[in-house]
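First residue of the sequence shown? That's 13 in our numbering, and the numbers climb one at a time after it.
The beta carbon of each residue, even a glycine, is placed where N, CA and C say it ideally should be.
All values derive from a computational prediction rather than experimental measurement.
Input: a single structure, listed below in structure tokens.
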Amino acid sequence: MFAKAFRVKSNTAIKGSDRRKLRADVTAAFPALGTDQISELIPGKEELNVVKLYVHKGDSVTVYTSGGNPILFELEKNLYPTVYTLWAYPDILPTFITWPLVLEKLVGGADLMLPGVVVPPTGLPQVQQGDLCAIALVGNRAPVAIGVAAMSTAQMLASGLKGKGVSVLHTYQDHLWRSGDKSSPPAIAPLDPTDSCEEKVHLGLQGNLKSLTLDGEEENGQVPLREASEDTSSRAPSQDSLDGKPLQEQMDDLLLRCFLHALKSRVKKADLPLLTSTLLGSHMFSCCPEGQQLDIKKSSYKKLSKFLQHMQQEQIVQVKELSKGVESIVAVDWRHPRITSFVIPEPSLTSQTVQEVSREQPYLPPDIKSLYCVPANMTQLFLESGHKKGSTLEGSEVRKIITDYAKRNRLVDADNRNLVKLDPILCDCILEKNEQHLVTKLPWDCLLTRCLKNMQPAYQVTFPGQEPILKKGKLCPIDITLALKTYNKKVTVVRNLETYGLDPCSVAAILQQRCQASTIVSPAPGAKDSLQVQVQGNQIHHLGQLLLEIMW
């Protein structure tokens, strides 16, 4: 629907009565949204606009925008969420899964054909014909498109997964998405780990697209389709059945194990009060056994605060809110039977090897030197010392050259050796035009400061075992900022990691695990060949601590 540009008829602020009506309509259309979530989506006092537009086919569409992003659109009295809204609330609609290769076709206006649908072990979502549904890609629950089901789930299965599955209305990267801040989908882990398994899938799309298998096999343009659940069960048992326990119960056990391990071996009395986020990110995650991943959202507690409330009820720890909205552990009973009886597991041979390798090859920060380039208007000053335009010098070298120049040309004041007389060359290098006939002498420190200020900044980065890298311009520090996104949600953004030899993707992966928050790696605005990492929530503390651990 929005694959081509649309024409805006009007854009006005919403009236109070219309705002209340919209809330009621959203509540009725999306029962999965709670009261608090609806208040976030449609705030009471913040700016909310109503945009009337015509799409390229002539249909009249009403779009509701908040914070500059389209959040809902209305077509023939039916409300639909945009991808921006679905990224904040990814579970409000039944979601079909497809492969990343399919996204390009959907953005171009194609519908989702059933041969391109990945069937997870839990089966297809239950829908009726005409139901609103979302489309996500393998490995990420963040929806990339929405539409209506072309047939019911039962009909899809009865057809052998042939034909049209979802009539697509709106996608990531279409013109409605472009009318917002153009942000990328967040990384949201699949609810079922097997959602990201790579099965052979027949991709079918409108527009004469050939049917392909994932590994590139092709046979007369057709490939038999098998449900992923059958393939998965034949190769490996579902995680729900591992150890004979449901996945949620396994995660509860792992959470308690990491908690007790951290208290017994890592947290000391001197560390208290300890931020609960620090306990999780800096201590509990590192206590997770090899081959397992701690994910609180998959436990019965869902949140760290609820788990710690339970631990407080058992009188293992005492938790208090020392500042608004920030909880800390203020006391630990290290004599509690749970802690005293916990046996710290011996590290596996593999983990010992990894630790040995990490000790042998630790991250070594680069050696960075601030340099100064000789500009064209100062070449005469540096010519006698053998330097020409564009030569790079350290600050100490500049100081020596200026000192030698002043002494060699007898510019040191005879009555006050702290002053330097300015000859025509020095005047041209460091004085402003309005100072040319007024300033005849300068103190040493002022002379040197002005010289360095008028030179062009540069820096040299040398990584251990590598040749030095010379770059012109100012050295940019690692920049960490807290930004406010749609629905008043905070995100932490970090830039300039590459300058210091840090891989943005690796940093994002560590932060995603430590903070239990989604991360996005994207091109940094206004910077060529540079990436930025965006983490959901205020993660400045975690990020600062991680960088200190890595670099020092």
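query                                                                                                                                                                       : result
Given this structure, state the Cα-to-Cα distance separating E210 from M125, to the nearest angstrom.                                                                       : Only weak support is given to the placement of E210: the predicted model assigns it a pLDDT of 37, under 50, and the value that follows is read from those uncertain coordinates. Between E210 and M125, the C-alpha separation is close to 19 Å.
Would you call Q364 buried or exposed, if buried means 16 or more other Cβ atoms sit within 10 Å of its Cβ?                                                                 : In this prediction, Q364 scores a pLDDT of 46, lower than 50, which makes its location untrustworthy; no coordinate-derived value is stated.
Report buried or exposed for A148, applying the criterion of at least 16 other Cβ atoms within 10 angstroms of its Cβ.                                                      : buried
Using DSSP with H/G/I as helix, E/B as strand and the rest coil, what is C270?                                                                                              : helix
Starting from the Cα of L34, find the closest Cα among L395, G70, M13, S78 and give me that residue.                                                                        : S78
With which residues is V119 paired in a DSSP beta bridge?                                                                                                                   : For V119, which the question treats as bridged, DSSP gives no partner whatsoever.
In or out: S408 buried (at least 16 other Cβ within 10 Å) or exposed?                                                                                                       : exposed
The alpha helix (DSSP H) spanning D37 covers which residue range?                                                                                                           : 28-41
Nearest chain B C-beta to S317 closer than 9 Å, yes or no?                                                                                                                  : Absent from the structure is chain B; it holds one protein chain and no more.
Going along the chain, which residues of its own chain have a beta-carbon closer than 6 Å to the beta-carbon of Q185, five neighbours each way excluded?                    : V119
Closer than 6 Å by C-beta to L459: which residues in its own chain qualify, once you throw out the five before and the five after it? Chain order, please.                  : V432
Go through its chain and collect everything with a Cβ distance to A9's Cβ below 7 Å, but skip five positions before and after it.                                           : Residue coverage of the chain in this structure runs from 13 to 564, which leaves residue 9 outside it and unanswerable.
Is A161 near G142, with beta carbons less than 9 Å apart?                                                                                                                   : yes
With three or more C-beta pairs closer than 8 Å as the rule, is the stretch 168-176 touching the stretch 189-198?                                                           : no
Is the CB-CB distance between R526 and F297 below 9 Å?                                                                                                                      : yes
Below 8 Å on the Cβ atoms is my guess for L65 versus V20; work out the distance and round it to an integer in Å.                                                            : 5 Å
Closest to N428 by C-alpha separation, out of W456, A154, E86, would be which residue?                                                                                      : W456
On the premise that V331 lies in contact with T290, defined as a C-beta separation below 8 Å, what is that separation, rounded to the nearest angstrom?                     : Not confirmed; about 13 Å, so no contact.
Flag this pair as touching only if the stretch 275-288 and the stretch 504-517 have three or more C-beta atom pairs under 8 Å; answer yes or no.                            : no
Kindly identify the DSSP beta-bridge partner or partners of V279.                                                                                                           : V279 pairs with nothing; no bridge assigned.
Could you check which residue in A122, Q327, R153, Q557 has the C-alpha nearest to that of P106?                                                                            : R153
Is the beta carbon of F319 closer than 9 Å to that of I328?                                                                                                                 : no
I'd like to know whether the C-beta atoms of V505 and L487 end up nearer to each other than 9 Å.                                                                            : no
In three-state terms, what does DSSP make of S534?                                                                                                                          : strand
Among K310, V344, E326, E58, which has the Cα closest to the Cα of K282?                                                                                                    : Reading off the sequence shown, one finds Ala at residue 282, where the question assumed Lys. That would be V344, whose Cα lies nearest to the Cα of A282.
Give me, in chain order, the residues of the same chain whose beta-carbon lies closer than 6 Å to that of K27; leave out the 5 immediate sequence neighbours on both sides. : none
By the DSSP assignment, the beta strand (DSSP E) with F394 in it spans what residues?                                                                                       : No beta strand (DSSP E) contains F394, which is instead part of the alpha helix (DSSP H) from 391-395.
Apart from the five residues on each side of it in sequence, which residues of its chain come closer than 6 Å, Cβ to Cβ, to C565?                                           : Outside the displayed range of the chain (13 to 564) lies residue 565, so it cannot be described from this structure.
What residue range is occupied by the uninterrupted alpha helix (DSSP H) comprising P349?                                                                                   : 349-352
One question on the structure: do D123 and S164 come within less than 9 Å of each other, judged by their Cβ atoms?                                                          : no
Could you tell me the distance, in whole angstroms, from the CA atom of P489 to the CA atom of Q472?                                                                        : 14 Å
Find out if the Cβ-Cβ distance for the pair A36, L60 is shorter than 9 Å.                                                                                                   : no
In whole angstroms, what separates the C-alpha of L98 from that of P155?                                                                                                    : 6 Å
Give the single residue among E302, K314, L275, H273 whose Cα lies nearest to the Cα of E261.                                                                               : K314
Can you say whether V338 is buried or exposed, counting buried as having 16 or more other CB atoms within 10 angstroms of its CB?                                           : exposed
Ends of the beta strand (DSSP E) at K318?                                                                                                                                   : Not the beta strand (DSSP E): K318 falls in the alpha helix (DSSP H), residues 316-325.
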